Amino acid sequence: MKTNVLLLDTLKNLEALIYSAFSISNQQKRKLKIVYIEDFNWVSSANYLGVTPPNMEVGLQYAQTQIKSDYEKAEAEIKRITTKYQSQNPRTIPFEYDVRECSRMEYIDEMVKQEQDLLLMMSNYSSVSESPGGIINFPNILDRVSCPVLVIPDNQQYLKFETLIYATAMHPEDITAIKNMVGLFGESKEMKLQVFHHCKKVDFDVRIKWLGFQTLLKNSIPGCSPEFYLSKGKDVETDLDAYVRAENPDLIVALKERKGFFEEIFSSSHTHELIKLFNKPVLVYHEQNLS
70 MKTNVLLLDT LKNLEALIYS AFSISNQQKR KLKIVYIEDF NWVSSANYLG
120 VTPPNMEVGL QYAQTQIKSD YEKAEAEIKR ITTKYQSQNP RTIPFEYDVR
170 ECSRMEYIDE MVKQEQDLLL MMSNYSSVSE SPGGIINFPN ILDRVSCPVL
220 VIPDNQQYLK FETLIYATAM HPEDITAIKN MVGLFGESKE MKLQVFHHCK
270 KVDFDVRIKW LGFQTLLKNS IPGCSPEFYL SKGKDVETDL DAYVRAENPD
320 LIVALKERKG FFEEIFSSSH THELIKLFNK PVLVYHEQNL S
């Protein structure tokens, strides 16, 4: 059985995240590993601190106190929540949990080596802590991992993914990513797949490429009947936002590499802004995931 890993680093909305991870893993029929990691070296990296140098020491002290306090409570909280979930849902997938002090990147890299098809789950907030000396932004690891990442808003519980929007830049890797996505969620008979593409100007060449992409995708996924939407104009964020609001999908999916759709909107260091903007679960593929 393939594995989902829910990566946690604070107690913020822990129950909603764990319940969502269980529900999604049950839908996928994948075992779940919940891991709470204290990795202060990552948090205190000078590249990610959002405080000015005079306030850095105060901010670090505050952050370390907060992290230690959460870490000491984590195992008891995870045990309480998973026990509660099992009592309410007696038929569930296999799961385990782990609480440890370690490098999160080393942990994930090791899990990727052990598992043939790992899906990492994490929350959509950047773990922002207000401190007397400023604000420290705990870094988002989305850019650093070598596996697909499912980013889940922590302010609501997710039960099932049936309406999926894939935002494509019409690259061959997009077709591979969509095939993988359908494998993850495609067992639902009610699944509705929508494919969104945006370009500033729709000329003849774009229309031909768009039609060719549709044909290739349909031929690559027998039995799947996606809907296609082509938008045009200068403001891709507004168009995608309007489309998402109109369709109200359960999940947004895209490729993250520079040739992928995310990079049409934001630079590589700001991918998480898309996730915050829509307040929807977002599944992120990297090109190296698809080789």
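Counting from 70, one number per residue, gives the positions in the sequence shown under my numbering.
No residue lacks a Cβ here, since even glycine has one placed at the ideal position from N, Cα and C.
This one's a predicted model, so the numbers in the text were calculated from it and none came from an experiment.
- Message: Quick check on D280: buried or exposed, where buried means 16 or more other Cβ atoms within 10 Å of its Cβ?
- Response: In the sequence shown, the residue the question calls residue 280 occupies position 211. Correcting the residue identity first, residue 280 is Leu in this sequence and not Asp. The residue in question, L280, is exposed, as its Cβ has fewer than 16 Cβ neighbours within 10 Å.
- Please name the residue, chosen from H355, I106, T72 and V322, that lies closest to I221 on a Cα-to-Cα basis. The residue given as residue 221 occupies position 152 in the sequence shown. Here the closest residue by C-alpha is V322.
- For S337, is the classification buried or exposed, using 16 other Cβ atoms within 10 angstroms of its Cβ as the cut-off for buried? Stepping through the sequence shown from its first residue, residue 337 is reached at position 268. Unreliable placement is indicated for S337, whose pLDDT of 41 sits below 50; the coordinate value is still reported in the next sentence. With fewer than 16 other Cβ atoms within 10 Å, it is exposed.
- Answer yes if the stretch 103-110 comes into contact with the stretch 239-249, meaning at least three C-beta pairs across the two stretches below 8 Å, and no otherwise. no
- Check whether Q97 and L262 have beta carbons under 8 Å apart: Here the question's residue 97 lines up with position 28 in the sequence shown. Here the question's residue 262 lines up with position 193 in the sequence shown. Against a cut-off of 8 Å, the Cβ pair of L262 and Q97 comes out as no contact.
- Query: Excluding five sequence neighbours on each side, which residues of the same chain lie with their C-beta closer than 7 Å to the C-beta of R169?
  - Reply: By one-based count along the sequence shown, residue 169 stands at place 100. Correct list, in chain order: I106.
- Just the Cα atoms here: how many angstroms apart are V197 and M239? As a working note, residue 197 is residue 128 in the sequence shown. As a working note, residue 239 is residue 170 in the sequence shown. Bear in mind that the predicted position of V197 carries a pLDDT of just 39, short of 50, making it too unreliable to give a figure here.
- Query: Helix, strand or coil for D167 per DSSP?
  - Reply: Residue mapping note: residue 167 aligns to position 98 of the sequence shown, counting from 1. Strand, per DSSP.
- For V275, which of helix, strand or coil comes out of DSSP? Residue mapping note: residue 275 aligns to position 206 of the sequence shown, counting from 1. It is helical.
- Chain-order list of residues whose beta-carbon lies under 6 Å from that of A143 (same chain, five-residue window excluded): Indexing the sequence shown from 1 puts residue 143 at position 74. The residues are Y105 and V168.
- Task: Can you grab the Cα-Cα spacing for the pair S156 / S89, in whole Å?
- Result: By 1-based counting over the sequence shown, the position of residue 156 is 87. By 1-based counting over the sequence shown, the position of residue 89 is 20. Spanning the two alpha carbons is a distance of roughly 16 Å.
- Query: Between K269 and K303, is the Cβ-Cβ spacing less than 8 Å?
  - Reply: Translated into positions along the sequence shown, residue 269 becomes position 200. Translated into positions along the sequence shown, residue 303 becomes position 234. Yes, these two residues count as a Cβ contact at 8 Å.
- Query: If you compare alpha carbons, which of P217, Y140, E184 and Y227 is closest to I93?
  - Reply: The residue you call residue 93 lines up with position 24 of the sequence shown. When only C-alpha atoms are compared, the closest one is Y227.
- Item | Coarse secondary structure for Q185, derived from DSSP in three states | Taking the sequence shown and counting its residues from 1, one reaches residue 185 at position 116. If DSSP states are grouped into helix, strand and coil, Q185 belongs with coil.
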